[in-house]
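Only one structure is covered here, and it is reproduced in the block below.
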Amino acid sequence: MPIKKNELWLVYTREGHYACMQITYVDSLPGGQPGFGTYFKFIYKYQPNGSNNLSGAVPVELKSFSAVTLGKDITLNWSTATEVNNHRFELERRSGSDQASEFEFIGTVSGNGTTTQPVDYSFTDRNLSAGKYVYRLKQVDHDGSFTYSNAVEAVILTPDLFELAQNYPNPFNPSTNIRFSLGAESKVSLKVYDLLGNEIAGLVNEVKQAGEHSINFDAAGLPSGYYIYRLTAAGNSLSRSMLLIK
Numbered sequence: 001m002p003i004k005k006n007e008l009w010l011v012y013t014r015e016g017h018y019a020c021m022q023i024t025y026v027d028s029l030p031g032g033q034p035g036f037g038t039y040f041k042f043i044y045k046y047q048p049n050g051s052n053n054l055s056g057a058v059p060v061e062l063k064s065f066s067a068v069t070l071g072k073d074i075t076l077n078w079s080t081a082t083e084v085n086n087h088r089f090e091l092e093r094r095s096g097s098d099q100a101s102e103f104e105f106i107g108t109v110s111g112n113g114t115t116t117q118p119v120d121y122s123f124t125d126r127n128l129s130a131g132k133y134v135y136r137l138k139q140v141d142h143d144g145s146f147t148y149s150n151a152v153e154a155v156i157l158t159p160d161l162f163e164l165a166q167n168y169p170n171p172f173n174p175s176t177n178i179r180f181s182l183g184a185e186s187k188v189s190l191k192v193y194d195l196l197g198n199e200i201a202g203l204v205n206e207v208k209q210a211g212e213h214s215i216n217f218d219a220a221g222l223p224s225g226y227y228i229y230r231l232t233a234a235g236n237s238l239s240r241s242m243l244l245i246k
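The numbering of the sequence shown is my numbering, which starts it at 1 and goes up by one.
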């Protein structure tokens, strides 16, 4: 078979065997099946017990792509059946259900170049707020050409409990972070007291949306000792202690 100039070929050899493959870049395969960047076609294969002329495409094929929610994190899992010239995957995210909003880049996972073996990949998008998220993969070849996958969706649920977390760090000096969760939109009060019950600081006094919230408390002007912080919302109240050490 004549080989044209600028065609890209691969030849695999081992004792008594060889195979020739022509590499082609496509966006789709015959029959309307989606391609994922590139495919290669076996042209000729020799084995000691005979030879075969073969025809058929093997794409850089995305076998699966899914999103799994765990707490405030979403883990993306995907696998390929084969890869040719695969440089990397870029992860993109869109927030909410608005189809008109644009995807944003959130990370990169290296590809495996050229392989006929299945490969599993994963990427975790961490510390997300409550809401719906849409993800897609951008598979990029070594020559810069790229193809997008279909999108997958995942949801971080709004907390259904009224919660006040332990401040972090604790003990602290001079500042610390206080996190709390609301099951519904509420007027919120978050205050700090000394052990005698005197109010030291008012950190929050406003309406907050349902979900998780984080407030920084700076105690630079206070002496060392234990302090109480109290969260009040929708007729409920929670308190915890924290220790300032200077």
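Ideal placement from N, C-alpha and C gives every residue a C-beta, glycine not left out. Computed from a prediction, not measured in an experiment: that's the story for all the values here.
Residue environment, residue i, which counts as buried when at least 16 other CB atoms sit within 10 Å
i	result
G96	exposed
R247	Because the chain spans 1 through 246 in this model, residue 247 falls outside it and cannot be assessed.
V134	buried
Q166	exposed
V140	buried
L190	buried
L70	exposed
L164	buried
T116	exposed
A100	exposed
N85	buried
A234	exposed
A219	buried
Close Cβ partners of residue i (< 8 Å) along its chain, the five nearest in sequence each way excluded
i	result
G183	T158, P159, D160, L161, F162 and A210
I74	A67, V68, T124, D125, L128, Y133, Y135, A154 and I156
L195	G225, Y226, Y227 and I228
F172	A219, M242, L243, L244 and I245
S108	In the sequence as displayed, the identity of residue 108 is Thr instead of Ser. The residues are R88, F89, E90 and L91.
For residue i, three-class secondary structure by DSSP
i	result
E102	coil
H87	strand
Q139	strand
E185	coil
D125	strand
A233	strand
K132	strand
S95	strand
T82	coil
Paired residues, beta bridge with residue i - DSSP
i	result
D218	S175
T67	The sequence as given places Ala at residue 67; Thr does not occur at that position. Answer by DSSP bridge pairing, in chain order: L76.
I228	Y193 and S241
F180	L164 and H213
T108	E90
Cβ neighbours of residue i in the same chain (closer than 7 Å, five flanking residues each side left out)
i	result
E61	F36, T80, A81 and T82
A105	Checking the sequence shown, residue 105 turns out to be Phe, not Ala. Excluding sequence neighbours, F105 sits near E90 and E92.
V204	V188, S189, L190 and I215
Y168	T176 and N177
H87	G111, V140, D141 and H142
Extent of the continuous beta strand (DSSP E) to which residue i belongs
i	result
L203	E199 to K208
E153	V152 to I156
T116	Premise fails: T116 is in no beta strand (DSSP E) and is neither H nor E.
Other residues of its chain near residue i: CB distance less than 6 Å, five sequence neighbours each side excluded
i	result
V119	T80 and N112
R136	E92, Y148, S149 and A151
K187	V207
V192	I200, A201, Y227 and Y229
S241	Y226 and I228
N49	Because the pLDDT at N49 is just 43, under 50, the model does not fix this residue reliably, and the value given afterwards should be weighed accordingly. Result list for N49: empty, nothing under 6 Å.
L231	L164, F180, L190 and L238
N236	F162
F65	W78, S149 and V152
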